[in-house]
Every structure is written in structure tokens, then in C-alpha cells.
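Residue numbers (our numbering): 399 to 788. No residue lacks a Cβ here, since even glycine has one placed at the ideal position from N, Cα and C. The structure appears right after this line, and notes come after that.
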Amino acid sequence: MERVIAERKQEADDLLQEIPAPPSQIQAIEPYINVHYMVHRCSSSYFVGRTGQADKVKELFGDITTNPRSKHKILVIHGLGGSGKTQFSLKYIENNRHRYWGIFWIDCSNESAAEKGFASLGENAQKASSLEAGMHWLPNQSTPWLLVLDNADDPEMDLPRFFPAGDNGHILVTTRNPGVRIHNTVGYLKFQGMDPEEAITLLLKLAYPEKEPKFPLAPQNRQIAEGIASELGYLALALTHAGATIRQNIFTLERYLKYYLGHRRNMIRSRSVNSYTDANIISTWEIPFERIASKNSLAHKDAVELIQLFAFMHFDSIPEQLLQRSSDSIRKSKSCLAIYPAILKVKSMWNEDSQIRFRLAMNVLYGHSIIDNDHEKKGLLFTSGCPSLG
Numbered sequence: 399m400e401r402v403i404a405e406r407k408q409e410a411d412d413l414l415q416e417i418p419a420p421p422s423q424i425q426a427i428e429p430y431i432n433v434h435y436m437v438h439r440c441s442s443s444y445f446v447g448r449t450g451q452a453d454k455v456k457e458l459f460g461d462i463t464t465n466p467r468s469k470h471k472i473l474v475i476h477g478l479g480g481s482g483k484t485q486f487s488l489k490y491i492e493n494n495r496h497r498y499w500g501i502f503w504i505d506c507s508n509e510s511a512a513e514k515g516f517a518s519l520g521e522n523a524q525k526a527s528s529l530e531a532g533m534h535w536l537p538n539q540s541t542p543w544l545l546v547l548d549n550a551d552d553p554e555m556d557l558p559r560f561f562p563a564g565d566n567g568h569i570l571v572t573t574r575n576p577g578v579r580i581h582n583t584v585g586y587l588k589f590q591g592m593d594p595e596e597a598i599t600l601l602l603k604l605a606y607p608e609k610e611p612k613f614p615l616a617p618q619n620r621q622i623a624e625g626i627a628s629e630l631g632y633l634a635l636a637l638t639h640a641g642a643t644i645r646q647n648i649f650t651l652e653r654y655l656k657y658y659l660g661h662r663r664n665m666i667r668s669r670s671v672n673s674y675t676d677a678n679i680i681s682t683w684e685i686p687f688e689r690i691a692s693k694n695s696l697a698h699k700d701a702v703e704l705i706q707l708f709a710f711m712h713f714d715s716i717p718e719q720l721l722q723r724s725s726d727s728i729r730k731s732k733s734c735l736a737i738y739p740a741i742l743k744v745k746s747m748w749n750e751d752s753q754i755r756f757r758l759a760m761n762v763l764y765g766h767s768i769i770d771n772d773h774e775k776k777g778l779l780f781t782s783g784c785p786s787l788g
């Protein structure tokens, strides 16, 4: 009898092995070899938190498969300026790079920037350098890709125009405009302030980087940090500037909140701002700027002029070569040199002395977290204050 039972069990096991797996299991292709990674910069080394939202994004997008779908999976992240949508997206794609054959980042702050981004995509694919080439090439790939449409804030923009045809892609949209939610096909996330504990951690990491991972957690210090984070609405960008201000000894942790509240109150009285959210970020940006402007060194004077120059440029990327070419053109110009920044009126920005002068000015801005320098893509500067307010 035992022999018969064993034989029947073996027959059942054999039959079960012949049953095909569900199509979703057959078609799963995770992890994938990432071939294309057209992303403009890396995430901040100080990024903390939002693990729950990252897990949710992965869940909403679902498994990477080659199963045919009727449409792309579009996920929208919307929320306050300065809440960390862009940094979150950068961190997410870094952690999930292995899941996609290609990851592509497009600046959608305006239609011209978006068209330029798709043209670069087409050029990278060795097609024509045009919007049409990029839009046509991407949906014709049979392998999974992720497209990030960042800063799609303009309510007048025809955003669906920049959704490639086909059904094999994941599209992640970041925006301050809640109306963009209507374009989602798998869901959306709303970003506000950070989790309070994560916000305090971020502030202390930026304020005291040399003391990581052991922050000055005396009860009074933690209480002060909690008060600062709360007043800043737990907004990542505002916390970044506040941490830099404390790190640069412009104000101590103890004095920062008192001065900040006074500065914000005066700013609201003296000018028109859209909301306390904007006031929070502008105030944290102006405090280090005023400190820089109060210094008499050449590096600080150059830094102020560079900030004023950057204010007229697109916030996302400013090639250093643009400044070098401008310097060459200024020296050849017959117009009044007095109107130009002093750092651009040097004999040549290519020689060693001028480069040292430029680096010293940039170091002032970098040290105050007013700009960020992407070391992976040399020559690109990223001004951290402008995106959330534009």
C-alpha cells in the first residue's frame, strides 16, 4: 500500500510540474541591464526618509514585464514647492536603475525645455536631434523604460503632448500643480512636509556633518531643532538652507529660529508672497545671501555677482563654458564694461589665476547650499533656491 501511495504522489508531482506558470511570471524580466541612463544629476548625499513613498511608487508601477498593456503606467507626484519631489525622484531611480533598460529625465518646467530634452534623447539614440525623433524612438523600444517629466508646473502646458505613444513605459511626473493628477493611470502621491523625525534628522545632518552619525542630541538641542523644522513646515529645501546657515556659523542652532522668525515677518510685511510656504523658503535662502553680501573679500563679492547673474538663467543647469565664452565676448565688446560682473571682465577665464578666482567664488556659494555642483557631469551648476519658487 505504501508503494502505491508513493507512486501516486510522484505522478501528482509530475503533473503539477507540467502546469505552465502564469504569464506574468513567465514575462518577468527583473532585474534588467540598464543601457541608457540620461539623468541630469545624482541625488543629494544628505537625502533622508520617504521610504514609504518609495515603496508605494514601486507598488503602483508594479512588476517590470513585457506583457502588452493598453497604455503606459503614469504616476504623478504633486506637492508644495521645496517638498523634495525632484530629490525623491532622483533617489528612486538610483535605487531602481537595475529594473529598467533605459531611464530618461526631461525638464518640463516649460515647453521649450521639454522639447530640448526629447531632442537630446533623439540625438543620444543616434537619430535626429528633434522632439519628433525622441518621441518616436522611445515607444519603439521593446524593453522597459522609465521616463521622468520633472517640474511640470505650468497649467498652460499641454503635458500629454510629451507622453510618448506605446505601452511599454513607466512615466513619473513631478509637479506643483494638483491638476496634473488627472493624467495618472496608476495613481498619484501628494508631497507636503517631511515626517517630523526625518526632518529633524536632515536638519542636524546638514548643520553638523562632521558629527555624523552622532548628532548633538542633548534634549535642549533636539527641542530647538524640532522647533526650527516645524516653523519651516518640514520642507526639505527650507531645511537644507537652514542647515547650511547653521553649518556656516552664520547663526547657531540656538539663535537661528529667533532671527528667522523676525526675517520672515519683515519679509511678509514688505513684499507680496504667495504663501507662508514661499515665505519659508525665501527666508532661508536670503539669510545666507545677506551673510555673503556683507563680506568684503573678493570671493564673496564675486559670489554675489554670480548669484545675480544666475537669477536670469534657467535654474536647472548652467554650463561653466557659458561663463567662459561670455567672458571672451565681453572683452571684445565695445559696450561699457561697468555693467558686467567683475569676474567676467578678466583677461581670460581659462588661465590658472582666473580659474582659482572662479572656484573660490563657487566654493562660497556651494558652502552655503545656494548652488550644487554635480561632480559626475563636470561643468554643470545647479542652483537649489530657484526651482521651488519659479
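Output the residue ranges of the alpha helix (DSSP H) runs that lie fully inside the stretch 440–474 and measure 4 residues or longer, sorted by chain position. 449–459
Under DSSP, the beta strand (DSSP E) around residue 570 begins and ends at which residues? 567–573
In this structure, does DSSP put residue 628 in helix, strand or coil? helix
Cβ shell of residue 761 (< 8 Å), same chain only, five flanking positions each side left out: 697
Nearest-angstrom Cβ-Cβ length linking residue 433 and residue 503, presumed shorter than 8 Å: About 15 Å; that fails the 8 Å criterion.
Can you give me the start and stop residues for the beta strand (DSSP E) that residue 587 sits inside? 585–589
What do you reckon, are the CB atoms on residue 474 and residue 574 nearer than 8 Å? no
Taking 7 Å as the cut-off, is the CB of residue 489 close to at least one heavy atom of the ligand SAH? Absent from the structure shown: the ligand SAH. Ligands present: none.
Using only CA atoms, which one of 459, 709, 633 and 701 lies nearest to residue 567? 459
On the premise that residue 623 lies in contact with residue 598, defined as a C-beta separation below 8 Å, what is that separation, rounded to the nearest angstrom? 5 Å
For residue 769, count neighbouring Cβ atoms within 10 angstroms of its own Cβ and tell me buried if that reaches 16, exposed if not. buried
Cβ-based neighbour list, residue 531, same chain, cut-off 6 Å, excluding 5 preceding and 5 following: 520 and 525
When DSSP labels each residue in this structure, what does residue 438 get in the three-state scheme? coil
Count the other CB atoms within 10 Å of the CB of residue 422; is the residue buried (16 or more) or exposed (fewer)? Because the pLDDT at residue 422 is just 43, under 50, the model does not fix this residue reliably, and the value given afterwards should be weighed accordingly. Residue 422 should be labelled exposed.
For residue 627, which option in 689, 595 and 703 has the closest C-alpha, if you only look at C-alpha atoms? 595
Just checking my contact of residue 604 with residue 645 at CB under 8 Å: how many whole Å lie between their CB atoms? 6 Å
Pairwise C-alpha distance: residue 529 and residue 513: 5 Å
Under a Cβ-count criterion, where at least 16 other Cβ atoms within 10 Å of its own Cβ denotes burial, should residue 550 be classed as buried or exposed? buried
Please state the DSSP three-state secondary structure of residue 593. coil
Chain-order list of residues whose beta-carbon lies under 6 Å from that of residue 562 (same chain, five-residue window excluded): 533, 536 and 537
In whole angstroms, what separates the C-alpha of residue 707 from that of residue 469? 43 Å
Tell whether a beta-carbon distance below 8 Å holds between residue 758 and residue 705. no
Return the Cβ separation of residue 440 and residue 478 in integer angstroms, given the expectation that the two are a contact with Cβ distance under 8 Å. Not quite, the Cβ-Cβ distance comes to about 23 Å (not below 8 Å), so this is no contact.
Do you know how far the Cα of residue 692 is from the Cα of residue 619? 28 Å
Under three-state DSSP, which class holds residue 477? strand
Beta-bridge pairing of residue 545 - partner residues as DSSP gives them: 502 and 569
Start and end of the alpha helix (DSSP H) containing residue 525? No alpha helix (DSSP H) holds residue 525; DSSP gives it neither H nor E.
Closest Cα partner of residue 449 within the set 435, 437 and 482: 482
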